[in-house]
Each structure stands twice: as C-alpha cells, then as structure tokens.
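Asks: Before I ask anything, let me first share the structure, which is written out below as structure tokens.
Protein chains in written order, with my numbering: chain H, 1324 to 1443; chain Y, 753 to 948.
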C-alpha cells in the first residue's frame, strides 16, 4: 500500500498512463490459465525420475540398515551356537573309554594294579 | 495539490493475522508435498508476482515467463523456506531474480538488435495517443534499475527496503535510484506536457 506522489496535480494523466503500461492483465480467465500452466510445470518437476529416486532414498537406506542389523544379529547367533556346541562336545563324556583310547594295550596284572591304585 | 492515489491490493484476506496463519498452513502443507496447497499459494501471489516481474522485464510475455520460472524455482526451494518468515517477501525475491536472469539472457541474445522503445503491453492495441507513446519513450531513457525501482515503488507500493532486497541493492541505492528516476521522468515529460 502506498500513495503515489510521482507527479503533481497536472500529471494525473501521466500517472494513469504509467499505470496502464504496467498494469497486470485483468480477468480471472487469464489468471486461472496462468495458474494451470505453472502447476503443469510443477507437476513435470514432481514426476521427474530424480524426484522418484529421491522419494525412495530414505526408505531404501532404512531398509538397508535393518537388513545389515539383522545379518549382524544372525551371524552373532550362529557364532555363539558354534561356540556352545564346541564347548558341549568338549565337556561331554567320550563315546570310547579313556583307557582304551589312550592305552589300548594295558593287559598284564601289574599294570592293572598300578592303574587301580592311581585311579583311586 | 498532490495526486495521491492509493493502490488497494485485491488479494488481501479478512485480517492480516488470519491471512498470515492461513498462508503459513499452506506453506507447511506444500512442503509436505500437497500440490493443492502450492496451487493455492500460486493463486494468492501470482498477480503480485507478475507485477514484480513486469517492473523488471520489458514485455508482458517476458513477465509471464519470469513468473513461471519464479514459481518453479520457489517450488524446488520450498524445503529450504522457513514457514515463520513472510512467504511473499521470499517469493518476490525469487521472482525478481528470475526476471533479472531473463533480462540478462535477453541482453546477451539481443545484443545486436536492442529495441528503441519499451515494447507496449499486449492489452493496449488501441493505445496510440501521443502522451502514452512519449511516456513509453521516456521510460527507455531510464536505466533498467531506475525503471524497475520507480514502478515497484510508485505503482506497486513496495518499500525501499523491499525493493533493495529484491534487486540485490542497498536500501539507500534504491532510494537514490527512485529520486533520480523521478527527476529524469519529470524532465523528459516536461516537453511532452508543453507540446500537448
């Protein structure tokens, strides 16, 4: 909002001339049409492949992060399971008697007695 | 006696605070990607945007192009706009930049065939009176910036500060341009008045 004090009273006609030179088009039809053209160009930008790509970047990154986390957890669990199995196998009793496994040839009485005494 | 014409904006809403709140809501919605909200912003601002562009470029057609370019730039940069800021001021700066870009491109392209006069707007086919012809010619004697400043200030009602921000010049320069433009126009039109 402002007052126009460009010219004095004698120059009203000049002011009107200047205003008419620069006045915006009248009529809603013109502005509706211009709005349509602007929005059509905006829609072109919206539909560009880069916009689509941009729209999918964040979900894709989130999905990749979740996948990475899940893989990490699965690998950790698998490693723990392997360790547990190894520990259990070490602690569990062997299927074959130790004496047989270590010294399969302890046959005579003397050795049997010594074994008996040390084994107690 | 001084001619004092008050320019009423046709786009004013019920109250400034309501209008501001409504505009802010539209901006936020447009930032979320709602194209209807952006269309509403276009509807609200396109006339004023046209006036800004028209003050800077030479023809109606260029003003139309600049308005479309400006809104496109605004749409692309909408994410960076802070909704608490006045949207109009931000948008009109973009419009002014789009217009200045267009003027620069035209100057490069038409370097060898600059027109002698400011082209008449498309809506004045029957306007051939001497006064307007001379007024039109007088405007060509102003620099581009002086012409823009006088139109933006005296016809569109922008302040010196707003004009400075739009054209990328200090407020004082806008003030001084306006002073010189008025003086030059008065001088140029003095002969016309005495002739008529």
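Using N, Cα and C, we set each Cβ at its ideal position, and we do this for glycine too.
Would residue 935 of chain Y count as contacting chain H if we go by Cβ distances under 7 angstroms?
Replies: It does not; no Cβ of chain H falls within 7 angstroms.
Asks: Give a yes or no on whether 7 angstroms exceeds the smallest Cβ distance from residue 1365 of chain H to chain Y.
Replies: Answer yes: the Cβ-Cβ gap between residue 1365 of chain H and chain Y drops below 7 angstroms somewhere.
Asks: Please decide whether residue 839 of chain Y counts as near chain H, where near means a Cβ-Cβ distance under 7 angstroms.
Replies: No - not a single Cβ of chain H is within 7 angstroms of the one on residue 839 of chain Y.
Asks: Taking a Cβ distance cut-off of 9 angstroms, strictly less, list which residues of the segment 900-923 of chain Y are near chain H, in chain order.
Replies: Those residues of the segment 900-923 of chain Y that come within reach of chain H (Cβ to Cβ, closer than 9 angstroms) are 902, 903, 905, 906, 907, 908, 909, 910 and 911.
Asks: In three-state DSSP terms, what is residue 855 of chain Y?
Replies: Helix.
Asks: Would you mind telling me which residues of chain H sit closer than 7 angstroms to residue 802 of chain Y, beta carbon to beta carbon, in chain order?
Replies: Correct list: 1347.
Asks: On the three-state DSSP scale, how would you describe residue 891 of chain Y?
Replies: Here residue 891 of chain Y sits in helix by DSSP.
Asks: Would you mind telling me which residues of chain H sit closer than 8 angstroms to residue 798 of chain Y, beta carbon to beta carbon, in chain order?
Replies: Result: 1354, 1357, 1358 and 1361.
Asks: Report the three-state DSSP secondary structure of residue 833 of chain Y (helix, strand or coil).
Replies: Reduced to three states, the DSSP call for residue 833 of chain Y is coil.
Asks: Find the residues of chain H that neighbour residue 887 of chain Y, judging by a C-beta separation of less than 8 angstroms, and give them in chain order.
Replies: What residue 887 of chain Y touches in chain H: 1337, 1340, 1341 and 1344.
Asks: Using 8 angstroms for Cβ pairs, my map puts residue 808 of chain Y next to residue 928 of chain Y. What's the rounded Cβ distance?
Replies: No, residue 808 of chain Y and residue 928 of chain Y are not in contact; Cβ-Cβ is about 18 angstroms, not under 8 angstroms.
Asks: Could you tell me if residue 839 of chain Y is buried or exposed, where buried requires 16 or more neighbouring beta carbons within 10 angstroms of its beta carbon?
Replies: Classification of residue 839 of chain Y: buried, given that the 10 Å Cβ count is 16 or more.
Asks: Whole angstroms is fine: what's the gap from residue 1409 of chain H's alpha carbon to residue 1415 of chain H's?
Replies: Spanning the two alpha carbons is a distance of roughly 10 angstroms.
Asks: Is residue 850 of chain Y closer than 7 angstroms to residue 813 of chain Y when the C-beta atoms are compared?
Replies: Cβ atoms of residue 813 of chain Y and residue 850 of chain Y: not closer than 7 angstroms.
Asks: For residue 1384 of chain H and residue 1394 of chain H, what's the separation of their Cα atoms in angstroms?
Replies: Each residue's Cα considered, the two are about 15 angstroms apart.
Asks: Would residue 746 of chain Y count as contacting chain H if we go by Cβ distances under 7 angstroms?
Replies: An answer regarding residue 746 of chain Y cannot be provided, because it is not within the stretch 753 to 948 covered by chain Y.
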